[in-house]
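Student:
Chains as they are written, first to last, in this note's numbering: chain L, 11 to 648; chain E, 362 to 800.
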């Protein structure tokens, strides 16, 4: 990937504003069993068993409870775990202590450490890292540092490696609600390798290039899982030396730059809002929350009306001298009001309504006056309405909103956010304290001997660059095609098919790499374009059942569910092949129709004619054959 | 914490030379590299050739002493200060006593060093379980500090005596926290020692350690505290999770409960009977079985806390050597409880040995290793011969319950004959006259 000189889309200079992005990659390993139990790694479609748990924050020696932990527990959340014995066991259900670790996973991490020149620790200690959002049944994630330090070369620059850890993956989220979450245990405990890099300064596209390069290095070990959801990137973003925001779960590589841009813009927006607060002479934000249910009883605001009809309550928070600040947009769609709404949504309410959008929300001037009367603040104050059916929930959210508003002068707050599918970030929870790890006493320490390391050095993988070059040479692929193939999920399948089929490797590569991308862009479900479907299509093309040009149509039919398999797709698409006689007729027709063109352009008319014949043959014949017969026809006609 | 807990040999030497103690911030240099972090304790069973450092990011890493070129003490560690939570006023609420015996129902983690320590004061308990202050006025107390597997009859005596004192002081209910390994034995023992207890005593523990957010300790304790105030019955019960979910607790009669799983939350089961009832946040639901005894007056209650430990529980198995049984019977015991096969048998060749022991004044009782069902020694010859030899059949009494009961009976009866009679009498629900539950 080319590094772009400067991201023009950022509305400010990333280097001058000290935009820093630390990248953490979480990659599933292709081990046969989970990290701390011998369960196979399979996705279960049926989850017949279930249990419910509530995770409680535990207390540290200092009498303090982790803020993120309290936040989760305040939500009073019940977690429902569903599972299938084919993919989970009592270890995953937190009903049995962990078994000894999967050594294959530890070895892969040591291998990776050797690829990146990291120092492997002499004794591995598995830790418990508190995570009480429910994604781990135990309330902690088991994780261990395998190596420290090292460097990743990217486009001639070296990016420092902080740590290489092995950890267990979390449960798969089935359903997310404010009061209850549903998880599947099939993914819980799958070994992940986590590589944390030093932050890079500046350009969002560079961050993406770094991630791509690290992903390629990981794949070079041949020991990582492929496919959707097997790699996740976390980004630690900060600017102007401010607090670090952790953005979790960027699933697609090509979203990284977009997410960084959004998050950086959001942070700069908050800085600008903080500047405006200072300009107004506010050093301490003064907030007051009052019950406003009675005041809003006759409102024509559709949102509030609906809530009040169901017996809900409204709390009004007045913020002194904040009029105009809640809806202020330093950059498009970056507003303090949006931040507050996200807090409300995370805590089970639909959002908030603030005074800068009263008109839009159907709140009348009289109501606005009445709300100010209730709170005792003048028209310089900003108002935030928190409403919901549960009084308790409204109180909790109002408290969190007040807390957030009071911190406005700080600008950016250190918090954990989730990356969305459209490249934005969404508030999740306060950033957990650093000191929330303690030893996993159920697992003995693992001593990494020099001998062990030496034997693994023998198994050092070939670098991805060498692998790509080898592809290109061995299969006569262009460098770009070879790299695309290496990056795709189907490189192994390619090797298998290239050995088996008579088709040109470039044809196999193009069908394996380009077709899934093309269909995905058309909106066809990627997961339906399975390796099995790709294989059967290529075998059919190889056997001359239909032309390679028709492969995409066949796969589209299968991907869309229009056909169950290749046979059905062939018959539905009418690709049952074409006799030479039929093809000859088509060619004759085309030659006749285009006589003037042929006379005018001679051989240069070939491509036009070819296109026309192919269109009429609709993928029933191979392009090469058409080309041969057409050429003959042209020559004969002369 | 100070000193070099767990370090010995070469690792202790290098740390001592650097003047380092647990909790200090050290820079450990190895060749060209160095690692900086907090020195954390090492476990006794670990080797003596690694130093464990907790990095700033919270992870522990072990560094081989062989590679260490220098250890520099960067900063002295500060002992963690526990901020005592504010006293919670729960005046006017019924008093509930929590007696601790060694299991950690509540603990704090020192993330600085990784140490886990139990919560011992009421304030700490309230701060860990804020709900408690709304349920009862809690008086926590550490009676013993013994792992469950190390508990002995003398400890049961200590507990029983302390319980009767607490009852005399006037409480609405008592919670006994302990490790789960021998919880069933303790429950049975206390059921006999505290017969006629006028308040409920709930034994609780945790199958999943209390330092983890998913621990079952939380619900078990909250449920027991609520019932200590609200239950309209008295007696000795084990209160643990009814299933894998954090929702329902089962209340098991002390004489009919058994730990049937090594690690799962719902390890404890009532054997041969339904649990007495279930607790959930919705309330207590007593099952339709023989009603548990109602609460009584503290006045007039007297514990019978003594046990005679000279009893063996012997599981008979095919090929049990004669010498093995002989050694047991000849070791100065006063009683033996057999876990026999099927309806209550042992190899017929051993009957003479048993007969000799009984004739010498010993008491021999029979339970079944089937655990489900009742012994019946009239069906087969071997059974009839054992009866003739003086073996006491204990119906559907659980082997562990029979062991505790025989220890108690021997300490409180005047003769072997009286002991045999008491063993066959249903005193605390340990014998059910009718077999209703299959399994």
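All C-beta atoms, glycine included, are put in the ideal place defined by N, C-alpha and C.
Which ranges would you report for the alpha helix (DSSP H) in the segment 702-736 of chain E if only whole runs of at least 4 residues count?
Tutor: Complete alpha helix (DSSP H) runs here, min 4: 712-720.
Student: If you measure between the beta carbons of residue 382 of chain L and residue 389 of chain L, is that distance less than 9 Å?
Tutor: Yes. Within cutoff.
Student: Let me confirm a value: residue 459 of chain L is counted as buried when at least 16 other C-beta atoms fall within 10 Å, else exposed. Which label applies?
Tutor: Residue 459 of chain L comes out exposed.
Student: Check the DSSP bridge columns for residue 150 of chain L and list the partner residues they point to.
Tutor: DSSP lists L:140 as partners of residue 150 of chain L.
Student: Within the continuous beta strand (DSSP E) that includes residue 675 of chain E, where are the two ends?
Tutor: From DSSP, the beta strand (DSSP E) with residue 675 of chain E extends over 672-676.
Student: Output, in chain order, the set of chain E residues within a Cβ distance shorter than 7 Å of residue 103 of chain L.
Tutor: Within chain E, the residues near residue 103 of chain L are 605.
Student: Go ahead and label residue 71 of chain L buried or exposed: buried means 16 or more other beta carbons lie within 10 angstroms of its beta carbon, across all protein chains shown.
Tutor: In this predicted model, residue 71 of chain L has a pLDDT of only 48, less than 50, meaning its place in the structure is not dependable; the value taken from the coordinates is given anyway. With 16 or more Cβ atoms within 10 Å of its Cβ, residue 71 of chain L is classed as buried.
Student: Against chain E, does residue 71 of chain L count as a neighbour if the rule is that its beta carbon must be under 9 Å from one of theirs?
Tutor: Caution is warranted here: a pLDDT of 48 is assigned to residue 71 of chain L, below 50, making its placement in the model unreliable, and the coordinate value is therefore given only provisionally. Cβ-Cβ to chain E under 9 Å: yes for residue 71 of chain L.
Student: Is the CB of residue 481 of chain L under 9 Å away from at least one CB in chain E?
Tutor: Residue 481 of chain L does not count as touching chain E.
Student: Judging by CA-CA distance, which residue of L:643, L:302, L:576 is the nearest neighbour of residue 608 of chain L?
Tutor: Measuring from the Cα of residue 608 of chain L, the nearest candidate turns out to be L:643.
Student: Give a yes or no on whether the minimum CB-CB distance between residue 8 of chain L and chain E is below 9 Å.
Tutor: Lying outside 11 to 648, the shown extent of chain L, residue 8 of chain L is not represented and no answer is given.
Student: Are residue 432 of chain E and residue 131 of chain L close, meaning C-beta to C-beta below 9 Å?
Tutor: For residue 432 of chain E and residue 131 of chain L, no; Cβs fall outside 9 Å.
Student: Within the continuous alpha helix (DSSP H) that includes residue 551 of chain E, where are the two ends?
Tutor: Its alpha helix (DSSP H) spans residues 544-554.
Student: By a C-beta neighbour count over all protein chains shown, 10 Å radius and 16 as the cutoff for buried, is residue 646 of chain E buried or exposed?
Tutor: Residue 646 of chain E should be labelled exposed.
Student: Are the beta-carbon atoms belonging to residue 740 of chain E and residue 729 of chain E less than 9 Å from one another?
Tutor: For residue 740 of chain E and residue 729 of chain E, no; Cβs fall outside 9 Å.
Student: Tell me whether residue 623 of chain E is buried or exposed, calling it buried when 16 or more other Cβ atoms sit within 10 Å of its Cβ.
Tutor: The residue in question, residue 623 of chain E, is exposed, as its Cβ has fewer than 16 Cβ neighbours within 10 Å.
Student: Please go through the same chain and pick out, in chain order, the residues whose beta-carbon is closer than 6 Å to the beta-carbon of residue 244 of chain L, but skip the five residues on each side of it.
Tutor: Contacts found: 34, 258.
Student: Taking 9 Å as the cut-off, decide whether the C-beta atoms of residue 530 of chain L and residue 539 of chain L are in contact.
Tutor: For residue 530 of chain L and residue 539 of chain L, yes; Cβs fall inside 9 Å.
Student: Going along the segment 110-144 of chain L in order, which residues come within less than 8 Å of chain E, judged by CB to CB distance?
Tutor: Correct list: 129, 131, 132, 133, 134, 135, 137, 138, 139, 140, 142.
Student: Taking CB distances under 9 Å as the criterion, tell me whether residue 629 of chain E reaches chain L.
Tutor: No, no contact with chain L.
Student: I want to know whether the segment 524-538 of chain E touches the segment 451-461 of chain E - three or more CB-CB distances under 8 Å.
Tutor: Contact between the segment 524-538 of chain E and the segment 451-461 of chain E is present, because at least three Cβ pairs lie under 8 Å.
Student: Please give me, in chain order, every unbroken run of the alpha helix (DSSP H) with length at least 4 that falls completely inside the segment 275-340 of chain L.
Tutor: Entirely contained in the segment 275-340 of chain L, the alpha helix (DSSP H) runs reaching 4 residues are, in chain order, 312-319.
Student: Say whether chain L places a C-beta atom closer than 9 Å to the C-beta of residue 369 of chain E.
Tutor: No, because no Cβ of chain L sits closer than 9 Å to the Cβ of residue 369 of chain E.
Student: Is any beta-carbon of chain L found at less than 9 Å from that of residue 404 of chain E?
Tutor: So, interface residue.
Student: When you compare the CB of residue 457 of chain L with every CB in chain E, is at least one pair closer than 9 Å?
Tutor: Answer yes: the Cβ-Cβ gap between residue 457 of chain L and chain E drops below 9 Å somewhere.
Student: Out of E:494, E:495, E:502, state which residue places its alpha-carbon closest to the alpha-carbon of residue 846 of chain E.
Tutor: Outside the displayed range of chain E (362 to 800) lies residue 846 of chain E, so it cannot be described from this structure.
Student: Taking the alpha-carbon of residue 435 of chain E as reference, which of E:588, E:707, E:724, E:386 has the nearest alpha-carbon?
Tutor: Nearest option by C-alpha distance: E:386.
Student: Short of 7 Å in beta carbon distance, which residues of its chain neighbour residue 569 of chain E, apart from the five on each side in sequence? Order them along the chain.
Tutor: Cβ neighbours of residue 569 of chain E beyond the five flanking positions: 575, 576, 577, 626.
Student: In terms of residues, what are the limits of the alpha helix (DSSP H) holding residue 600 of chain L?
Tutor: It spans 590-603 - the alpha helix (DSSP H) in which residue 600 of chain L sits, taken as one unbroken run.
Student: Checking 9 Å against the spacing of the C-beta atoms, do residue 423 of chain L and residue 255 of chain L come in under that value?
Tutor: Yes; because the gap between Cβ atoms is below 9 Å, this pair is in contact.
Student: Beta-carbon separation of residue 362 of chain L and residue 338 of chain L under 9 Å?
Tutor: Contact: no.
Student: Is the beta carbon of residue 642 of chain E closer than 9 Å to that of residue 789 of chain E?
Tutor: Result no, Cβ atoms of residue 789 of chain E and residue 642 of chain E do not sit closer than 9 Å.
Student: Between the C-alpha atoms of residue 342 of chain L and residue 220 of chain L, what's the straight-line distance to the nearest angstrom?
Tutor: If you take the alpha carbons of residue 342 of chain L and residue 220 of chain L, they lie about 28 Å apart.
Student: Once DSSP output is grouped into helix, strand and coil, what is the label at residue 511 of chain L?
Tutor: Note: residue 511 of chain L maps to coil in three-state DSSP.
Student: Counting only beta-carbon atoms, is residue 147 of chain L nearer than 9 Å to chain E?
Tutor: Chain E contact via Cβ: present.
Student: Among the residues of its own chain, which have a CB less than 6 Å from the CB of residue 15 of chain L, if the five just before and after it don't count?
Tutor: A caution first: residue 15 of chain L carries a pLDDT of 39, below 50, which makes its placement in the model unreliable, though a value can still be read off. No residues qualify anywhere along the chain.
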